[in-house]
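Undergrad: Below you'll find the structure I mean.
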Amino acid sequence: MEFTDLKSVYPNSYLSDSPIFEDNLLSLPYKNKWIHLPTSSLTENEINLLIMIYHKKNSHINQSYSSEWHDYLLGKQSTIPKTSESIRMIQLKLNNIDRHFDTELWSESAKTLFEPMIDSFFLSDDLYIIIQPQGKISLDKSEFQGILQTLELDFSLKSFCYIGQYWDSSKDLGTLLQEEIELFSQELPYLKGRVGSLTDVSLHFFTKDALMDSTVVQELRSKFDTLENWRELIRALWDNQGNVSIAAKSLFIHRNTLQYRIERFYEATGLSLKQIDDLTLCLLLTL
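Following numbering that gives the first Met the number 0, the numbering of the sequence shown begins with 0 at its first residue and continues without gaps.
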(Lines of atoms letter the chains of each structure in order from A and count residues from 1; the text may use other names and numbers.)
(Lines give C-alpha, C1' and ligand atoms only; values in the text may rest on other atoms or scores of the structure.)
Protein backbone atom coordinates (compact mmCIF):
# COMPACT_ATOMS: atom_id res chain seq x y z
CA MET A 1 0.00 0.00 0.00
CA GLU A 2 1.37 3.40 -1.02
CA PHE A 3 1.49 6.14 1.60
CA THR A 4 -0.96 8.30 -0.37
CA ASP A 5 -3.51 5.48 -0.18
CA LEU A 6 -2.96 5.08 3.54
CA LYS A 7 -3.23 8.86 4.01
CA SER A 8 -6.67 8.87 2.38
CA VAL A 9 -7.88 6.36 4.98
CA TYR A 10 -5.92 7.77 7.94
CA PRO A 11 -5.56 11.56 7.41
CA ASN A 12 -3.53 11.99 10.63
CA SER A 13 -0.72 9.68 9.42
CA TYR A 14 2.61 11.25 8.50
CA LEU A 15 6.15 10.39 7.32
CA SER A 16 9.57 10.90 8.91
CA ASP A 17 13.16 9.83 8.20
CA SER A 18 13.47 7.72 11.37
CA PRO A 19 11.23 5.72 13.72
CA ILE A 20 9.56 7.39 16.69
CA PHE A 21 9.27 5.25 19.79
CA GLU A 22 6.24 6.45 21.71
CA ASP A 23 3.43 4.42 23.24
CA ASN A 24 0.77 6.48 21.47
CA LEU A 25 2.26 6.06 17.98
CA LEU A 26 2.51 3.15 15.57
CA SER A 27 5.71 3.35 13.46
CA LEU A 28 5.88 1.39 10.20
CA PRO A 29 8.80 1.04 7.75
CA TYR A 30 8.00 2.54 4.34
CA LYS A 31 10.66 2.53 1.62
CA ASN A 32 13.49 4.60 3.15
CA LYS A 33 11.21 6.36 5.63
CA TRP A 34 8.78 5.61 8.45
CA ILE A 35 5.02 6.04 8.62
CA HIS A 36 3.50 7.13 11.94
CA LEU A 37 -0.12 6.82 13.03
CA PRO A 38 -1.66 7.73 16.41
CA THR A 39 -2.79 4.48 18.01
CA SER A 40 -5.83 6.26 19.45
CA SER A 41 -7.32 6.27 15.95
CA LEU A 42 -6.72 2.53 15.39
CA THR A 43 -8.37 -0.63 16.60
CA GLU A 44 -6.24 -3.58 17.71
CA ASN A 45 -7.12 -5.44 14.50
CA GLU A 46 -6.10 -2.44 12.39
CA ILE A 47 -2.74 -2.22 14.17
CA ASN A 48 -2.05 -5.92 13.60
CA LEU A 49 -3.09 -5.69 9.95
CA LEU A 50 -0.90 -2.64 9.24
CA ILE A 51 2.12 -4.24 10.92
CA MET A 52 1.62 -7.36 8.82
CA ILE A 53 1.26 -5.40 5.57
CA TYR A 54 4.17 -3.01 5.97
CA HIS A 55 6.69 -5.24 7.66
CA LYS A 56 6.19 -7.95 5.05
CA LYS A 57 5.83 -5.76 1.99
CA ASN A 58 8.59 -3.27 2.65
CA SER A 59 11.30 -5.62 3.82
CA HIS A 60 13.23 -8.49 2.34
CA ILE A 61 14.30 -9.36 5.91
CA ASN A 62 12.87 -12.52 7.37
CA GLN A 63 10.14 -11.10 9.60
CA SER A 64 9.51 -14.43 11.31
CA TYR A 65 12.44 -13.52 13.57
CA SER A 66 11.34 -11.99 16.80
CA SER A 67 12.78 -11.24 20.21
CA GLU A 68 11.96 -8.87 23.03
CA TRP A 69 14.69 -6.42 21.92
CA HIS A 70 13.62 -6.62 18.27
CA ASP A 71 9.95 -6.08 19.07
CA TYR A 72 10.70 -3.25 21.49
CA LEU A 73 12.83 -1.27 19.03
CA LEU A 74 10.23 -1.78 16.28
CA GLY A 75 7.52 -0.45 18.59
CA LYS A 76 5.67 -3.77 18.83
CA GLN A 77 5.96 -3.76 22.61
CA SER A 78 6.25 -0.79 24.93
CA THR A 79 8.23 -2.45 27.73
CA ILE A 80 11.99 -2.69 27.31
CA PRO A 81 13.48 -6.15 27.97
CA LYS A 82 14.81 -6.66 31.46
CA THR A 83 18.56 -7.10 31.84
CA SER A 84 20.87 -7.19 34.83
CA GLU A 85 23.93 -6.27 32.73
CA SER A 86 25.28 -3.01 31.44
CA ILE A 87 24.71 -3.04 27.70
CA ARG A 88 25.48 -1.05 24.59
CA MET A 89 23.89 -0.98 21.16
CA ILE A 90 25.99 -1.24 18.03
CA GLN A 91 24.31 -0.05 14.84
CA LEU A 92 25.45 -1.20 11.39
CA LYS A 93 24.11 0.71 8.38
CA LEU A 94 24.44 -1.28 5.15
CA ASN A 95 24.74 0.40 1.75
CA ASN A 96 24.77 -1.00 -1.80
CA ILE A 97 22.57 -3.97 -0.94
CA ASP A 98 21.42 -5.84 -4.04
CA ARG A 99 18.62 -8.35 -4.51
CA HIS A 100 21.05 -11.27 -4.18
CA PHE A 101 22.09 -10.23 -0.67
CA ASP A 102 21.75 -13.18 1.73
CA THR A 103 20.62 -11.59 4.98
CA GLU A 104 20.77 -14.79 7.01
CA LEU A 105 24.30 -15.65 5.90
CA TRP A 106 25.47 -12.06 6.52
CA SER A 107 23.83 -12.06 9.94
CA GLU A 108 25.53 -15.31 10.95
CA SER A 109 28.90 -13.88 9.89
CA ALA A 110 28.29 -10.68 11.85
CA LYS A 111 27.36 -12.64 14.97
CA THR A 112 30.68 -14.49 15.00
CA LEU A 113 32.63 -11.24 14.64
CA PHE A 114 30.77 -9.25 17.29
CA GLU A 115 30.80 -11.72 20.16
CA PRO A 116 29.76 -11.53 22.92
CA MET A 117 26.17 -10.36 22.36
CA ILE A 118 22.77 -10.57 23.98
CA ASP A 119 20.83 -10.25 20.73
CA SER A 120 21.20 -9.12 17.13
CA PHE A 121 18.70 -8.52 14.32
CA PHE A 122 17.74 -6.31 11.36
CA LEU A 123 15.65 -3.39 12.58
CA SER A 124 15.01 -2.44 8.94
CA ASP A 125 16.28 -3.58 5.54
CA ASP A 126 19.59 -1.77 5.98
CA LEU A 127 19.98 -1.27 9.74
CA TYR A 128 21.39 -4.12 11.82
CA ILE A 129 21.32 -3.91 15.61
CA ILE A 130 23.63 -5.67 18.07
CA ILE A 131 22.88 -5.61 21.79
CA GLN A 132 26.16 -6.30 23.54
CA PRO A 133 26.95 -6.82 27.24
CA GLN A 134 29.83 -5.01 28.84
CA GLY A 135 32.88 -7.24 29.04
CA LYS A 136 36.52 -7.12 29.95
CA ILE A 137 37.58 -6.89 26.29
CA SER A 138 36.53 -3.76 24.39
CA LEU A 139 37.42 -3.31 20.72
CA ASP A 140 38.81 0.03 19.52
CA LYS A 141 37.70 1.81 16.35
CA SER A 142 40.47 0.34 14.20
CA GLU A 143 39.33 -3.16 15.17
CA PHE A 144 35.73 -2.28 14.33
CA GLN A 145 36.99 -0.99 10.98
CA GLY A 146 38.66 -4.36 10.39
CA ILE A 147 35.40 -6.18 11.11
CA LEU A 148 33.54 -3.97 8.62
CA GLN A 149 36.15 -4.64 5.95
CA THR A 150 35.85 -8.38 6.49
CA LEU A 151 32.07 -8.28 6.07
CA GLU A 152 32.31 -5.98 3.06
CA LEU A 153 34.81 -8.14 1.20
CA ASP A 154 32.74 -11.26 1.76
CA PHE A 155 29.41 -9.69 0.77
CA SER A 156 30.31 -6.85 -1.66
CA LEU A 157 28.65 -4.00 0.21
CA LYS A 158 29.60 -0.88 2.13
CA SER A 159 28.74 -0.35 5.77
CA PHE A 160 28.96 2.21 8.56
CA CYS A 161 29.09 1.53 12.28
CA TYR A 162 27.92 3.51 15.30
CA ILE A 163 29.26 2.28 18.64
CA GLY A 164 26.83 3.14 21.41
CA GLN A 165 27.73 3.95 24.98
CA TYR A 166 27.55 1.34 27.73
CA TRP A 167 24.46 1.98 29.85
CA ASP A 168 23.72 0.56 33.28
CA SER A 169 20.56 -1.54 33.43
CA SER A 170 19.18 0.70 36.19
CA LYS A 171 19.03 3.68 33.81
CA ASP A 172 16.22 4.54 31.41
CA LEU A 173 17.52 2.25 28.66
CA GLY A 174 14.50 2.82 26.46
CA THR A 175 15.05 6.55 26.10
CA LEU A 176 18.82 6.16 25.76
CA LEU A 177 18.70 3.54 22.98
CA GLN A 178 15.97 5.37 21.10
CA GLU A 179 17.99 8.58 21.08
CA GLU A 180 21.08 6.71 19.84
CA ILE A 181 19.07 5.39 16.87
CA GLU A 182 17.90 8.92 16.05
CA LEU A 183 21.40 10.31 16.57
CA PHE A 184 23.00 7.83 14.15
CA SER A 185 20.27 8.37 11.57
CA GLN A 186 20.71 12.14 11.60
CA GLU A 187 24.49 12.28 11.90
CA LEU A 188 25.50 9.56 9.41
CA PRO A 189 26.02 12.11 6.59
CA TYR A 190 28.45 14.04 8.83
CA LEU A 191 30.32 11.04 10.22
CA LYS A 192 34.04 11.25 9.61
CA GLY A 193 35.12 7.80 8.49
CA ARG A 194 33.11 4.60 8.65
CA VAL A 195 33.09 4.01 12.41
CA GLY A 196 31.83 6.54 14.91
CA SER A 197 30.65 7.04 18.46
CA LEU A 198 29.09 9.80 20.54
CA THR A 199 32.34 11.76 20.73
CA ASP A 200 32.54 11.89 16.93
CA VAL A 201 29.08 13.36 16.36
CA SER A 202 28.13 15.13 19.59
CA LEU A 203 29.44 18.59 18.65
CA HIS A 204 27.33 18.72 15.50
CA PHE A 205 24.27 16.94 16.89
CA PHE A 206 23.91 19.04 20.03
CA THR A 207 24.86 22.43 18.62
CA LYS A 208 23.48 22.48 15.07
CA ASP A 209 20.16 24.17 15.91
CA ALA A 210 21.77 26.88 18.03
CA LEU A 211 24.40 27.55 15.37
CA MET A 212 21.81 27.86 12.60
CA ASP A 213 19.76 30.37 14.61
CA SER A 214 22.66 32.58 15.70
CA THR A 215 23.28 35.90 13.94
CA VAL A 216 26.72 36.06 15.62
CA VAL A 217 27.66 32.71 14.08
CA GLN A 218 26.49 33.72 10.63
CA GLU A 219 28.52 36.93 10.78
CA LEU A 220 31.63 35.02 11.89
CA ARG A 221 31.21 32.58 9.04
CA SER A 222 30.99 35.44 6.57
CA LYS A 223 34.41 36.58 7.85
CA PHE A 224 35.80 33.08 7.51
CA ASP A 225 34.57 32.80 3.95
CA THR A 226 36.98 35.55 2.88
CA LEU A 227 39.84 33.15 3.73
CA GLU A 228 41.01 30.32 1.51
CA ASN A 229 40.79 26.73 2.82
CA TRP A 230 39.82 27.81 6.32
CA ARG A 231 37.85 24.63 7.00
CA GLU A 232 40.74 22.27 6.29
CA LEU A 233 43.06 24.52 8.34
CA ILE A 234 40.81 24.29 11.41
CA ARG A 235 40.13 20.56 11.00
CA ALA A 236 43.83 19.75 10.65
CA LEU A 237 44.71 21.61 13.83
CA TRP A 238 41.80 20.13 15.74
CA ASP A 239 42.48 16.55 14.61
CA ASN A 240 46.11 16.93 15.71
CA GLN A 241 45.38 18.56 19.10
CA GLY A 242 46.77 21.90 17.93
CA ASN A 243 50.20 20.46 17.09
CA VAL A 244 51.39 22.71 14.25
CA SER A 245 54.13 20.38 12.98
CA ILE A 246 51.87 17.32 12.70
CA ALA A 247 48.99 19.38 11.27
CA ALA A 248 51.34 20.76 8.60
CA LYS A 249 52.34 17.23 7.62
CA SER A 250 48.70 16.20 7.32
CA LEU A 251 48.13 19.15 4.97
CA PHE A 252 51.34 18.40 3.03
CA ILE A 253 52.70 21.89 3.63
CA HIS A 254 55.73 23.29 5.44
CA ARG A 255 55.36 24.20 9.11
CA ASN A 256 56.19 27.84 8.36
CA THR A 257 53.45 27.94 5.75
CA LEU A 258 50.93 26.75 8.31
CA GLN A 259 52.18 29.29 10.84
CA TYR A 260 51.63 32.03 8.24
CA ARG A 261 48.08 30.84 7.60
CA ILE A 262 47.34 30.81 11.34
CA GLU A 263 48.57 34.40 11.61
CA ARG A 264 46.50 35.47 8.59
CA PHE A 265 43.45 33.83 10.15
CA TYR A 266 43.99 35.77 13.38
CA GLU A 267 44.36 39.07 11.52
CA ALA A 268 41.10 38.47 9.63
CA THR A 269 38.96 37.12 12.47
CA GLY A 270 40.57 38.03 15.78
CA LEU A 271 40.56 34.34 16.75
CA SER A 272 43.79 32.52 17.53
CA LEU A 273 43.89 28.90 16.39
CA LYS A 274 46.72 28.36 18.89
CA GLN A 275 44.24 28.83 21.76
CA ILE A 276 42.06 25.80 22.50
CA ASP A 277 38.93 27.87 23.26
CA ASP A 278 39.24 29.80 19.99
CA LEU A 279 39.99 26.61 18.07
CA THR A 280 36.92 24.90 19.55
CA LEU A 281 34.68 27.80 18.53
CA CYS A 282 36.12 27.74 15.03
CA LEU A 283 35.56 24.01 14.82
CA LEU A 284 31.87 24.49 15.62
CA LEU A 285 31.64 26.84 12.64
CA THR A 286 32.88 24.08 10.32
CA LEU A 287 30.01 21.77 11.27
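In this text, a Cβ means the ideal position worked out from N, Cα and C, and glycines have one as well.
#1: Within a Cβ cutoff of 6 Å, which residues of the same chain sit near methionine 116, ignoring the five residues on either side of it in sequence?
#2: Please report the straight-line C-alpha distance between aspartate 212 and glutamate 181, rounded to a whole angstrom.
#3: Out of Glu266, Asp167, Leu197 and Ser119, point me to the one whose CA is closest to isoleucine 86's CA.
#4: For lysine 39, collect the residues of the same chain with a Cβ closer than 7 Å to its Cβ; drop the 5 residues on either side in sequence, then sort them by chain order.
#5: Could you tell me which uninterrupted beta strand (DSSP E) segments, each at least 3 residues in length, are contained entirely in the region 171 to 211, listed from first to last along the chain?
#6: According to DSSP, leucine 91 sits in a beta bridge with which residue or residues?
#7: Please report the distance separating the alpha-carbon of arginine 260 from that of lysine 248.
#8: CB lysine 75 to CB aspartate 125, shorter than 8 Å?
#9: By the DSSP assignment, the beta strand (DSSP E) with lysine 32 in it spans what residues?
#10: Starting from serine 26, trace the beta strand (DSSP E) both ways and give me its first and last residue.
#11: Please classify aspartate 4: does DSSP put it in a helix, a strand, or coil?
#12: Can you tell which of Leu122, Ile89, Glu67 and Gln90 has its C-alpha closest to the C-alpha of threonine 82?
#13: Identify which residue in Ser26, Asp97 and Asp199 has its Cα closest to the Cα of serine 155.
#14: Relative to the alpha-carbon of leucine 270, which residue among Phe120, Trp229, Ile245 and Ser184 has its alpha-carbon at the smallest distance?
#15: Pick out whichever of Lys170, Val216 and Phe159 has its Cα sitting closest to the Cα of proline 188.
#16: Tell me which residues share the same chain as cysteine 281 and place their Cβ nearer than 7 Å to its Cβ, disregarding the 5 neighbours each side in the sequence.
#17: Determine the direct distance from the alpha carbon of glutamine 177 to that of phenylalanine 251, and round the result to whole angstroms.
#18: From this set, Thr149, Leu73, Ser141 and Leu226, which residue's C-alpha is nearest alanine 109's C-alpha?
#19: In the DSSP assignment, find the alpha helix (DSSP H) that holds serine 141 and state where it starts and stops.
#20: Could you tell me the boundaries of the alpha helix (DSSP H) in which serine 106 lies?
#21: Would you please state the rounded distance, in angstroms, between the beta carbons of isoleucine 19 and serine 12? I believe it to be under 8 Å.
#22: On the CB-based measure, 16 or more other CB atoms within 10 Å of its CB, does glycine 163 come out buried or exposed?
#23: Give the secondary structure of isoleucine 290 by DSSP, where H, G and I count as helix, E and B as strand, and everything else as coil.
#24: Kindly indicate which three-state DSSP category phenylalanine 251 falls into: helix, strand or coil?
#25: For serine 244, which of helix, strand or coil comes out of DSSP?
#26: Bridge partners of tryptophan 166, per DSSP?
#27: Does DSSP put tyrosine 287 in a helix, in a strand, or in coil?
#28: Residues in the same chain with beta-carbon distance under 8 Å from phenylalanine 204, minus the five sequence neighbours each way, listed in chain order, please.
#29: Is aspartate 70 helix, strand or coil by DSSP?
TA: In brief:
#1: Ile129 and Gln131
#2: 22 Å
#3: Asp167
#4: In the sequence on display, residue 39 carries serine and not lysine. Excluding positions up to five away in sequence, the list reads Asn23.
#5: 194 to 196
#6: Tyr127 and Cys160
#7: 14 Å
#8: no
#9: 32 to 37
#10: 24 to 29
#11: helix
#12: Glu67
#13: Asp97
#14: Trp229
#15: Phe159
#16: Ile233, Leu270 and Leu272
#17: 42 Å
#18: Thr149
#19: 140 to 154
#20: 102 to 112
#21: Between serine 12 and isoleucine 19 the Cβ distance is about 12 Å, and since that is not below 8 Å, they are no contact.
#22: buried
#23: With the chain represented from 0 up to 286, any question about residue 290 goes unanswered, as that position is not in the structure.
#24: coil
#25: helix
#26: Ile86
#27: Residue 287 cannot be examined here, being either before or after the span of the chain that is shown, 0 to 286.
#28: Leu182, Gln185 and Glu186
#29: helix
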